[in-house]
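Counting in this note's numbering, the sequence shown runs from 99 upward without gaps.
The beta carbon of each residue, even a glycine, is placed where N, CA and C say it ideally should be.
On a predicted model such as this, the values are computed, not experimentally measured, just so you know.
To start, the structure itself, in structure tokens.
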Amino acid sequence: MEILGAIIYFLMILVPGLVSEWFYNWLSRVRQRTIVASALIFDLLIFIINLIGLRIFNDVYTVEDLFEHFGCLHFTLKYGILSVIVAIILGVISGILAKIFWIRNSKTEG
């Protein structure tokens with residue numbers, strides 16, 4: 099049972115970054131070769147944003163507190179959904195910004 103929990107937690111950390119990376123590539127039309135690196139950067143940003151939100155709303159101050167909250171299945175589901183929503187928002191914002199700066203740079207170079 100421990101291995102299944104570890105797999106679920108690993109996927110809860112990894113999947114939102116891949117979702118964010120997909121939205122970023124889709125909107126910016128920039129084709130990257132470093133999908134894993136940028137997905138991990140998005141994962142770090144999503145994790146930091148979620149920790150800030152949990153600190154404000156649920157009084158989660160340490161990672162141990164976060165693991166105690168993950169014991170509740172209802173909280174785990176909410177955390178996963180929140181992570182995907184934050185990932186979509188980050189991917190869309192960064193994709194739009196990349197497209198704007200890509201167009202601006204391509205007009206000045208050409």
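**Message:** So PHE140 and GLY115 are supposed to be a Cβ contact under 8 Å. How far apart are they, rounded?
**Reply:** 4 Å between Cβ atoms; contact.
**Message:** Helix, strand or coil, according to DSSP, for ASN156 in the structure here?
**Reply:** For ASN156, the secondary structure class from DSSP, reduced to helix, strand or coil, is coil.
**Local conformation of GLY115 per DSSP, three classes** = If DSSP states are grouped into helix, strand and coil, GLY115 belongs with the helices.
**Message:** Mapping the DSSP letters down to three states, classify GLY103 as helix, strand or coil.
**Reply:** The three-state secondary structure of GLY103, taken from DSSP, is helix.
**Neighbourhood of ILE186 by C-beta distance below 8 Å, restricted to the same chain and skipping five residues each side** = Correct list, in chain order: VAL117, SER118 and PHE121.
**Item:** Straight-line gap, TYR177 to ILE150 (C-alpha atoms, nearest Å)
**Value:** Separation of TYR177 and ILE150 (C-alpha to C-alpha, rounded to the nearest whole angstrom) is 13 Å.
**Prompt:** Which class does GLY169 belong to by DSSP, given the choice of helix, strand or coil?
**Reply:** GLY169 carries a coil assignment under DSSP once its states are collapsed to helix, strand and coil.
**Request:** Indicate, with yes or no, if the ligand SAM has a heavy atom lying under 6 Å from the CB of GLU100.
**Result:** Absence of the ligand SAM from the depicted structure is noted, as is the absence of any ligand whatsoever, leaving it without description.
**Message:** DSSP three-state label for SER174, please.
**Reply:** Note that residue 174 is Thr in the sequence shown here, rather than Ser. In this structure, THR174 counts as helix in the three-state DSSP scheme.
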